[in-house]
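A short worksheet on the structure shown next.
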Amino acid sequence: MACFADSALGKRSSIVSALLLCAGLSVDIASAQNVLLQSIPTSKSQITLRYLRPYFGDEYSPRNYDLSRFSGIYDLSCNLPVSSDINFIYSLPVIVYHARRDPSIYPFASIRSTYKENGIGNIFLGLQKRWVYTEETGANVSAGIFLPTASEQTSFSEFSLKTNFYEREKYWPKTLSIYGNFAYHLIPSRGGKFVFEFGQDIWIPTGKRTREIELLYHCGVSGGIHFSHIAVFLEYAGEFILTEEYPEFDDRFSNSVALGMQVAKGVVRPGGFYKFCLAEDCHGRVLGLKIDMCLE
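The opening residue of the sequence shown carries number 867 in this note's numbering; numbering runs sequentially from there.
What follows is the structure, encoded as structure tokens:
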């Protein structure tokens, strides 16, 4: 299951991740918008467009290929109220993987010089229930399934998983995933926002080849402040694989940190962020762009 996932994490990175998590939980208020965490449900319809562009470095890119300008993961998600306290959530990831290998370095005819692969990931359908909502605090529970619609091409999956391991259930082929999540947020009157989420993922294989059911847990913390109409935020996202066997306990963790900025008011709210992982064997960086639209 973890053949493509950047899940190995050393002692030092584990300590850093734990400190970030504790810092996020103790911040008086810390957050604005989110990068990888679930959107906060409201009484208005929300549509989000997100683009993730990875920069792996020569020796760490999938199969040592140079990516084209528009390669990346494009994601369309919707959060739509269907009653006074229930929202419908939907996500459609689209992956564009165009890459080229220098033929002078790899002149062998058996090695492909280019890859051009486009396709969708696993479509998500779910519901959110809003709880305990006041002007400054709120909590919600989400549940849903990832349909097994992702491409089965090996290089396609490898590229997607290296780009966004926190949402790897969106890209793993021949797998039906059951998703659950609890989220809490705090919005002080002086501005800003703090968000914490925790949940579980159950992977059920659907292909002909027999694989075991996998159990994963995820945890995220986002914190930041508002400056006029601009929000600056720091986000931690981590995942723990329970059922897979690893030589070291720390190897079960995959953690990342993102620093971002986004327009905090208005119907259309563009933003950008820079994400890097904390695993010792993961040297890639991801530049992200997103647009949140809040409809009446």
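All residues carry an ideal CB built from backbone N, CA and C; glycine is no exception.
Could you say which of F1022, V962, L1052 and Q1019 lies nearest to T1000 if we only look at CA atoms?
L1052
Alpha carbon to alpha carbon, how far is Y963 from G1046?
29 Å
On the DSSP letters alone, give me the boundaries of the beta strand (DSSP E) that S1120 sits inside.
F1119 to V1129
Which residues bound the beta strand (DSSP E) around H964?
I952 to R966
Reference K1036; option with closest CA among G1058, G938 and F990
F990
Ordered list of alpha helix (DSSP H) runs contained in the segment 997–1082, each at least 4 residues:
1020–1029
In the structure shown, what three-state DSSP assignment does L1161 receive?
strand
Helix, strand or coil: which one does DSSP assign to S873?
Note that S873 has pLDDT 38, beneath the 50 cutoff, so the model's placement of it is unreliable and no number is given.
Under the DSSP definition of a beta bridge, which residues are partnered with T914?
S943 and D1158
I'd like to confirm the pairing. Which residues does DSSP put opposite I1107 in its beta bridges?
L1082
Assumed close pair V901, E1101 - CB separation to whole angstroms, cut-off 8 Å:
5 Å
Can you name the start and end residues of the beta strand (DSSP E) that E983 belongs to?
T980 to I986
How about the segment 981–989 and the segment 944–961: do they share at least three Cβ pairs that are nearer than 8 Å?
yes
Roughly how many angstroms lie between the CA atoms of T1003 and Y981, to the nearest whole one?
48 Å
Rounded to a whole number of angstroms, what is the C-alpha to C-alpha distance between D1117 and T1029?
18 Å
What is the DSSP secondary structure of A868, counted as helix, strand or coil?
With a pLDDT of only 40 at A868, under 50, the local geometry of the prediction cannot be trusted, and the value read off the model is given with reservation. Coil, per DSSP.
Counting beta carbon pairs with one atom in the segment 1103–1110 and one in the segment 1073–1093, are three or more of them shorter than 8 Å?
yes
Please list, in chain order, all residues of the same chain as I1157 whose beta carbon is under 6 Å from its beta carbon, the five residues on each side excluded.
L915 and P1136
Can you list, in chain order, the residues of its chain whose CB lies under 7 Å from that of K995, leaving out five sequence neighbours each side?
D951, I952, N1006 and V1007
On the DSSP letters alone, give me the boundaries of the beta strand (DSSP E) that Y1140 sits inside.
V1134 to C1143
Selected residue, minimal CA-CA separation from I827, among I1107, F1022 and Q904
Since the first and last residues shown for the chain are 867 and 1162, residue 827 lies out of range.
Tell me whether Y1112 sits in a helix, a strand or coil according to DSSP, three-state version.
coil
Would you report the Cα separation of K1131 and A1097, rounded to the nearest angstrom?
9 Å
DSSP state of S949 mapped onto helix, strand, coil:
coil
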